[in-house]
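Q: Residue numbers (the working numbering), protein chains in the order written: chain H, 6 to 116; chain Y, 60 to 172.
All C-beta atoms in this analysis are idealised placements derived from N, C-alpha and C, irrespective of residue type, glycine included.
Structure in structure tokens, see below.
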Amino acid sequence: QQKVQQSPESLIVPEGGMASLNCTFSDRNSQYFWWYRQHSGEGPKALMSIFSNGDKKEGRFTAHLNKASLHVSLHIKDSQPSDSALYFCAVSGNSNNRIFFGDGTQLVVKP
Amino acid sequence: AQTIHQWPVAEIKAVGSPLSLGCTIKGKSSPNLYWYWQATGGTLQQLFYSITVGQVESVVQLNLSASRPKDDQFILSTEKLLLSHSGFYLCAWSLHINQDTQYFGPGTRLLVL
């Protein structure tokens, strides 16, 4: 069964700082990867997807995928208080053809 | 634009009582639909998915059932609630089953006492 693990569990960064979130997965057949963000009391929203090895940049957000290392990361540049939320890594296209979410990283951006 | 609506917004129910939660998608025909459960601050656990009307696949057994009576409607229900059913229930849709960006609804918060 696919295991998706995120680190750290929680992260505090100053406003304007860089936040780095990590995710490891266990199934080498995995093909599709997403980062979702969930503000308190709301449903999660997809931030970005990444399907190929390397970096993908969208505004202040950069995702990095290394399938050989079973690792995907998200970097948030110039963090804002509105970035404070629960971030999930999601993985699919694996042997089970299911989508698996990590346990999440709680990000707090301090003004 | 597609919109996803969940009802009710929140429920407080007694252990052993029945439950029915609903989800409606507007602006997208033949969507793939999902139900997720989330403990407070916890991960998202996929419960069910549906590719088409009348067809529902169970992912985990939690004494819950799901049905898709119409193309744009997904229902989650149980005859008898357990304390462990408390949490946040989220409906989502995607273009391709389990291999595409998921678009989540606002969720229903359930407290079982």
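Can F66 (chain H) and Y37 (chain H) be called in contact, C-beta distance under 7 Å?
A: As a first step, residue 66 (chain H) is located in the first sequence; it is residue number 61 there, counting from the start. As a first step, residue 37 (chain H) is located in the first sequence; it is residue number 32 there, counting from the start. No. Outside cutoff.
Q: On the three-state DSSP scale, how would you describe P128 (chain Y)?
A: On the second sequence, position 69 is the one that residue 128 (chain Y) refers to. Three-state result, P128 (chain Y): strand.
Q: Starting from the C-beta of R133 (chain Y), find all residues in its chain whose C-beta is less than 7 Å away, skip the five residues before and the five after it, and write them out in chain order.
A: Taking the first residue of the second sequence as position 1, residue 133 (chain Y) is located at position 74. Checking the sequence shown, residue 133 (chain Y) turns out to be Phe, not Arg. Contacts found: C82, L92, W94, S109, A125, R127 and C150.
Q: Just to check my reading of the structure: H76 (chain H) and S25 (chain H) have Cβ atoms closer than 8 Å, yes? What is that Cβ distance to the nearest angstrom?
A: Along the first sequence, one-based indexing puts residue 76 (chain H) at 71. Along the first sequence, one-based indexing puts residue 25 (chain H) at 20. The pair is not a contact, with the Cβ atoms about 12 Å apart (cut-off 8 Å).
Q: Which same chain residues end up closer than 7 Å to K129 (chain Y) when comparing Cβ atoms and leaving out the 5 residues on each side of it in sequence?
A: Taking the second sequence and counting its residues from 1, one reaches residue 129 (chain Y) at position 70. Here the set comprises V112.
Q: Counting only runs of 4+ residues fully inside the segment 28 to 85 of chain H, write out the alpha helix (DSSP H) ranges in chain order.
A: none
Q: If you compare alpha carbons, which of Y:D159, Y:G100 and Y:L154 is closest to Y148 (chain Y)?
A: Residue mapping note: residue 148 (chain Y) aligns to position 89 of the second sequence, counting from 1. Of Y:D159, Y:G100 and Y:L154, the residue nearest in Cα terms is Y:G100.
Q: What do you get for H64 (chain Y), buried or exposed, if any count of 16 or more other CB atoms within 10 angstroms of its CB means buried?
A: Position 5 of the second sequence, counting from 1, holds the residue named residue 64 (chain Y). Its Cβ having fewer than 16 others within 10 Å, H64 (chain Y) is exposed.
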